[in-house]
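In this note's numbering, the protein residues as written are 26 to 361.
Single-structure report; data block below.
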């Protein structure tokens, strides 16, 4: 712990430095590969697996199932076989809910088919009539949910961009933050598509939440960048890129600590609450949070700050100062 504290102190004072800005082409290449994979692999797999709330369909909830706790896989297989043997082309998806419940989602069934499946599930699991409930979600409602999610995302991005531009008094910081934000969005959503994980409204809520976290982390780093660059007078020995890189190093330990503090409780929800206790909704939202926090921490350090530096380095005053510092360093090296 003491060595880590010394490491952070050395980064803050500049005694030790990791050159994030100078290696930006490498970070861009890695980001491009991840983004392409996040887009192309889900397409190759046939697109995202949408939850019933988005695609519409019928849903059955079976409670008081004693076999779930003993052998959840066998209980899920029994539910799947029961539905397939009762109706054709139902495409059932079965998940464990709690310690004694099952949730069975199918394509849209007719009222007659829904009653047949409900009776078949009741008979297969030997539960009371009241322990099996049936409901359905129409495709129009699912389309409304999808439209609302997209509108919320667009409004969030536009408002966040405007607020950041006003706060930092430069559109370039806002643009760099928005690129980082889209990077987080595409990769987090892409992991859902790559792994074939069902996208539910809870997952979308988690996705919107991590966009807020990403902005928060970026704002902290950008605040330090603004502070460092504001201190650089005409006679400063640091180039603009060096001041940006120093700010990233100074906030690196804080970014890591914040990510760890955020990931630990989310990980507890994901691996204990969802997997051991069978809380499906917790799994949906915790997974998007877990992935998003890690991706957002990466993008702030490796994408947002280097991109902002690149956008500013060709400005005339900054370029002139950089050329002067490089010329002085070259002259000093020649003298030595």
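Glycine residues also receive a C-beta, built at the ideal position from the N, C-alpha and C atoms.
- The beta carbons of residue 79 and residue 170 sit closer together than 8 Å.
- Each residue's CA atom was taken as its position, placing residue 353 and residue 343 some 15 Å apart.
- If you compare the alpha carbons of 262, 348 and 226 with that of residue 172, the shortest gap goes to 226.
- With respect to the 8 Å criterion, residue 333 and residue 197 are classified as neighbours on the basis of their beta carbons.
- With 16 or more neighbouring CB atoms inside 10 Å of its own CB, residue 238 falls in the buried class.
- Judged by beta-carbon spacing, residue 134 lies beyond the 8 Å limit of residue 104, meaning their Cβ atoms are not closer than that value.
- Taking all protein chains shown into account, residue 323 has 16 or more neighbouring C-beta atoms within 10 Å of its C-beta and is therefore buried.
- In this model, residue 181 and residue 345 are separated by some 37 Å (Cα to Cα).
- Taking the Cα positions, residue 66 is about 6 Å away from residue 219.
- DSSP places residue 85 in the strand class (E or B) of the three-state scheme.
- Here residue 201 has 329, 332 and 333 as same chain residues with Cβ atoms under 6 Å from its own Cβ, once five neighbours each way along the sequence are excluded.
- If the five residues before and after residue 262 are omitted, its C-beta is found closer than 7 Å to the C-beta atoms of 350, all from its own chain and listed in chain order.
- Of the other Cβ atoms in all chains shown, 16 or more fall within 10 Å of the Cβ of residue 265; this residue is therefore buried.
- Ranked by Cα distance from residue 146, the first of 163, 165, 101 and 174 is 101.
- For residue 189, the closest alpha carbon among the candidates 140, 241, 255 and 84 is that of 241.
- In the structure shown, residue 127 adopts extended strand secondary structure according to DSSP, grouped into three states.
- A Cβ-Cβ separation of about 6 Å places residue 162 in contact with residue 82 under the 8 Å criterion.
- DSSP, reduced to helix, strand and coil, places residue 312 within a helical segment of the structure shown.
- A straight-line Cα-Cα distance of about 36 Å links residue 153 and residue 313.
- Assignment of residue 269 by DSSP, reduced to helix, strand and coil, places it in the helix class.
- Residue 73 and residue 311 have their alpha carbons spaced roughly 18 Å apart.
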